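Remarks on the structure that follows.
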Ligand SMILES: NC(=O)c1ccc[n+]([C@@H]2O[C@H](COP(=O)([O-])OP(=O)(O)OC[C@H]3O[C@@H](n4cnc5c(N)ncnc54)[C@H](O)[C@@H]3O)[C@@H](O)[C@H]2O)c1
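Residue numbers (our numbering): 5 to 252.
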């Protein structure tokens, strides 16, 4: 298989909907590694190897030396949450990492403040946040998320951005007609179709801008034909076409 992959140049923005236990632990971990306080134990991209060719060839380079990946020092974090707590406060509440480690990266974590979330209790009943966007429709909310992404990219001088959903799991949604085509999905955004969950609004906004969207929860989100089609539009393919050719 041959695939062209863009060089990992410049700053990479990682925008996270859901700055809870998973999201804040990832952020604090990367900052701790960058400050020389921790090792990236468990990080496939930093410590994992890949086997090339047959086992007998004994070729096992580090994945990060084989594919062009951003350096951890080139990453800038941001995100959205339904609570206004900064990442230090949210990480302390999550109680995943030891307070001593969190205090060692406190200034960096405190500087990351969530943007207002796209949220609706209809999809996650046990949350009651107030740090929430208001919009005339789901379409309008998607435009607001696109503005957030572009503003973040500009403010932080990022050459690339990726969205990684670390928000709570949404209620189960069956695939329906509104998910079938991009046209139906966009009409559904305008008509506030109940089968379009908040995570889908973030994903639509990201993909519309050519920003990759990774899903860390068992939500339906991008597993629908409409968003699969959007992800295959030429602007995405252009992103991975580049100078460096990787042979697997
Ligand atoms: N904790 C784990 O070990 C683990 C492992 C794998 C996957 N997951 C999945 O990752 C997700 C997050 O888990 P967690 O343990 O960090 O949960 P958490 O409750 O600690 O954090 C989730 C955060 O998402 C926020 N949120 C919810 N809806 C949002 C929205 N629409 N926009 C922005 N923010 C929103 C919440 O306010 C909360 O701060 C869950 O779906 C979980 O199933 C968790």
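Where a beta carbon is used, it is the ideal one built from N, C-alpha and C, also for glycine.
Just so it is clear, the structure is predicted and the values come from calculations on it, not from any experiment.
| query | result |
| --- | --- |
| Is the CB of residue 42 under 8 Å away from at least one CB in chain C? | Reference to chain C is not applicable here, since this structure consists of a single protein chain. |
| What residue range is occupied by the uninterrupted alpha helix (DSSP H) comprising residue 85? | That residue, residue 85, is in no alpha helix (DSSP H); its beta strand (DSSP E) goes 79-85. |
| Taking 7 Å as the cut-off, is the C-beta of residue 131 nearer than that to any heavy atom in ligand 1? | yes |
| Note down, in chain order, each residue of its chain lying with its Cβ closer than 8 Å to the Cβ of residue 95, except the 5 sequence neighbours on either side. | 28, 29, 31, 32, 101, 106, 113 |
| Whose C-alpha, out of 38, 103, 56, is nearest the C-alpha of residue 266? | For the chain, the structure presents residues 5 to 252; residue 266 sits outside this window and is missing. |
| Can you tell me which of 123, 59, 158 puts its alpha carbon nearest to the alpha carbon of residue 200? | 123 |
| Between the alpha carbons of residue 170 and residue 84, how many angstroms are there, rounded? | 10 Å |
| Grab me the residues of residue 246's own chain with a C-beta within less than 7 Å of its C-beta, minus the 5 sequence neighbours each way, in chain order. | Only weak support exists for where residue 246 lies, its pLDDT of 39 falling under 50; the coordinates are left without a value. |
| At a threshold of 7 Å, does residue 173 count as lining ligand 2 (C-beta to nearest heavy atom)? | Inclusion of ligand 2 in the displayed structure is not the case, the ligand content consisting of ligand 1 alone. |
| For a test of your reading of the model: does the CB of residue 48 fall under 7 Å from any non-hydrogen atom of ligand 1? Yes or no. | no |
| Am I right that residue 218 and residue 149 are in contact with their C-beta atoms under 8 Å? What's the rounded C-beta distance? | That pair is no contact at about 16 Å. |
| My output table needs one value for residue 217: the three-state DSSP class, helix, strand or coil. | strand |
| Roughly how far, in whole angstroms, is the beta-carbon of residue 224 from the beta-carbon of residue 208, given that I think they are within contact range, below 8 Å? | Rounded, the Cβ-Cβ distance is 13 Å, inconsistent with contact. |
| Residues in the same chain with beta-carbon distance under 7 Å from residue 15, minus the five sequence neighbours each way, listed in chain order, please. | 78, 80, 160, 161, 162, 163 |
| Could you give the DSSP three-state label for residue 9: helix, strand or coil? | coil |
| Return yes when the Cβ of residue 156 is within less than 8 Å of the Cβ of residue 19, no when it is not. | yes |
| Can the beta-carbon of residue 136 be found less than 8 Å from the beta-carbon of residue 117? | no |
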